[in-house]
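Below: the structure, in structure tokens.
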Amino acid sequence: MRRSLPALIALGTLLGLTAGAEQHPTSPATLLLSTLPDDDGLAELLWEHSADFADDRARLAASRADHQRTHLLPNPELDVSMNTIPLGATNPPGLRRWDDVPNYVVGLSELVELGKRGPRQDAAKAALVATTLDVHAALRARTYDVLERAADVATTEVRIAELTKLTDDALKLTDLQRARQQHGDAAGLDVDRSTLEAQSLETALGEERAKLADALLACAQLAGLPCEPFGSHERAMSFLKARLDRAPAPAAIESRPDLKALSAQQEAARSALTLAKRRWIPDPTVRAGYTRDQFVIAGNQKNSLFVGLSIPLPLFDHGQADAQAASASAESARVARELLTAQAARETDVLNQQLRAVQERRQKLHTQTLPLAEGVVQRLDAAVKAGGVALQDLLLARRTYGELVLHAADLDQTAYHLTVAIARASAAGPRAPDTLINPRS
């Protein structure tokens, strides 16, 4: 039994550590774009790992503290005094200076607010809601920023994959032309043309790889984590296609977090206006205390209690300046909300028109133009290898096909950005993470 006790303790410790590890999972070292979570999961990941939201967390904490403070009562005041300290000769003479003359007073005073705690609490609550929604709007915008950078990475990887194929084909054709030249079946000019075409494609491929590095860096700066590329043409295309094939979300512009934040700001300003208007009601201060008077030779009461009431007179400052500021804040929030709502409606209409036009071009390009161009290149390639067609025709067809492939990738990227822009203008997007609404202590 004694030998088994340490083993049981060790086992319990191990289980405790395992449970702790399950409750606090390790943070990801990188953001794998190929396994990117949904919008809600991505927003939660950004909230937990992006250093840019440190100030927002502090702002939320300060707003919660302000709201909590409004539910606390004013602190009472303790007053202790020693009075009637004799100077010079006592009256009547012969009294003990410290034992027969002074009196001691101990009192408590408390401010009683009339009609102000409710509006103050309402204003703080609305301000907390506005701050939470404002931070949610910033997180929502950051989530869409990361998705756009991920789309840039995916588009660049698609372009790299297609350019790699074209470059490999061009290099193979160059080798073939050199072999044919050695046998006297091809002119040196054809070899030079093929070589220049391959070098041009290699240059374009290098530029795309540099763009990929820039896109990954931009993604990492926004996410707060290193971004790993998709790693394959298929995964990149699947990422783009997933959002492009998704049904558009309903507009519901009024439910956008930033617009709801403006409504909460307006509500907070209205409560602040009510509070300012009630400042004409004076807040009395109630006092109570005990007096011990040692000057009993003069007929004073030795032990006594006292109560008192002081009332301020709001003759000059009765909240008129605060009321003016609150009215201006409420009007500013209302106007801003109306303008942003109208602007979002206009943007949504324009973006939907642009997206429809781009989708029509995408569909025609993917279903008709690209298959036709690819078939032409394949037939010309076979003909050139057989010596039945001039190399220049193949190079021209291949260049045309390459331009179409890159144009298709650009259209996919444009369509993706348009869908994200439409989602930004509408109320679509990630929900606020639980740790944003109810932070861990």
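With mature numbering (1 follows the signal peptide of the UniProt record, and there is no 0) applied, the sequence shown corresponds to residues -21 to -1, 1 to 420, in that order. The beta carbon of each residue, even a glycine, is placed where N, CA and C say it ideally should be.
Shortest alpha-carbon distance to residue i belongs to which of the options?
| i | options | result |
| --- | --- | --- |
| D372 | D45, E23, A158 and R172 | R172 |
| G94 | A255, K281 and E317 | A255 |
| V132 | L191, E382 and Q100 | L191 |
| G20 | P81, A130, T122 and R96 | T122 |
| R128 | A103, L219 and A248 | L219 |
| A40 | T111, A277 and D193 | T111 |
| L385 | G366, H345, R358 and A33 | H345 |
| R36 | R99, A103 and A117 | A117 |
| R96 | R358, A388, V368 and I260 | I260 |
| S242 | A277, E317, R214 and A307 | E317 |
| R331 | L223, R257, A22 and L10 | This sequence places Asn at residue 331; Arg is not what is there. Of L223, R257, A22 and L10, the residue nearest in Cα terms is L223. |
| T398 | H46, A130 and L66 | A130 |
| R249 | S306, R257 and T69 | S306 |
| T320 | A215, L238, V170 and S88 | L238 |
| V125 | L252, A400 and N417 | A400 |
| G268 | T49, R48 and P55 | P55 |
| R119 | D18, D360 and T14 | D18 |
Does the beta-carbon distance from residue i to residue j come in below 7 Å?
| i | j | result |
| --- | --- | --- |
| A404 | T327 | yes |
| Q245 | A309 | yes |
| T393 | V337 | yes |
| C206 | L24 | no |
| E187 | I232 | no |
| V363 | Y380 | no |
| residue 426 | T134 | Residue 426 is absent from the structure shown; the chain starts at -21 and stops at 420. |
| A30 | G203 | yes |
| R225 | A406 | no |
| A102 | A315 | no |
| P208 | E141 | no |
| D46 | L107 | Checking the displayed sequence, the identity of residue 46 turns out to be His instead of Asp. The answer is yes: Cβ separation under 7 Å. |
| H297 | R257 | no |
Note down, in chain order, each residue of its chain lying with its Cβ closer than 8 Å to the Cβ of residue i, except the 5 sequence neighbours on either side.
| i | result |
| --- | --- |
| E149 | With the sequence shown as reference, residue 149 is identified as Ala, and Glu is not the correct amino acid for it. Counting only Cβ-Cβ distances below 8 Å, and skipping sequence neighbours, we find S173, E176, A177, L180 and R377. |
| L288 | P263, T264, V265 and R266 |
| T414 | E23, W26 and E27 |
| L383 | L344, T348, L349 and A352 |
Which residues bound the beta strand (DSSP E) around residue i?
| i | result |
| --- | --- |
| E246 | No beta strand (DSSP E) holds E246; the alpha helix (DSSP H) holding it covers P236 to K256. |
| T270 | T264 to D272 |
| G287 | N282 to S289 |
First and last residue of the alpha helix (DSSP H) that includes residue i?
| i | result |
| --- | --- |
| L221 | Residue identity check: residue 221 is Ala in the sequence provided, not Leu. Note, A221: alpha helix (DSSP H), H212 to L223. |
| T414 | D413 to I416 |
Which residues in the same chain have their Cβ closer than 6 Å to the Cβ of residue i, if we skip the five residues on either side of it in sequence?
| i | result |
| --- | --- |
| D58 | G86 |
| S283 | T270 |
| Y83 | M61 and R271 |
| P291 | P261 |
| R76 | P65 |
Should residue i be counted as a contact of the ligand HEM given a C-beta to heavy atom distance under 6 Å?
| i | result |
| --- | --- |
| A33 | You won't find the ligand HEM in this model; it holds no ligand whatsoever. |
Got a sec? Which residues, its chain only, sit under 7 Å from residue i by beta carbon, not counting five neighbours each side?
| i | result |
| --- | --- |
| residue 425 | Given that the chain is displayed from residue -21 to residue 420, the structure contains no residue 425 and the question cannot be resolved. |
| R340 | L390 |
| R335 | none |
Do we get a CB-CB distance below 7 Å when we pair residue i with the residues of chain B?
| i | result |
| --- | --- |
| G210 | Among the chains of the structure shown, chain B does not appear; only one protein chain is present. |
message: Quick check on the DSSP output: what are the complete alpha helix (DSSP H) runs of length 4 or more inside the stretch 324 to 384, in order along the chain?
response: 349 to 365
query: Which runs of the beta strand (DSSP E) fall wholly inside the stretch 11 to 82 and span at least 3 residues, in chain order?
result: 56 to 62
- request: Counting only runs of 3+ residues fully inside the stretch 74 to 154, write out the beta strand (DSSP E) ranges in chain order.
  value: Listed in chain order, they are 82 to 90.
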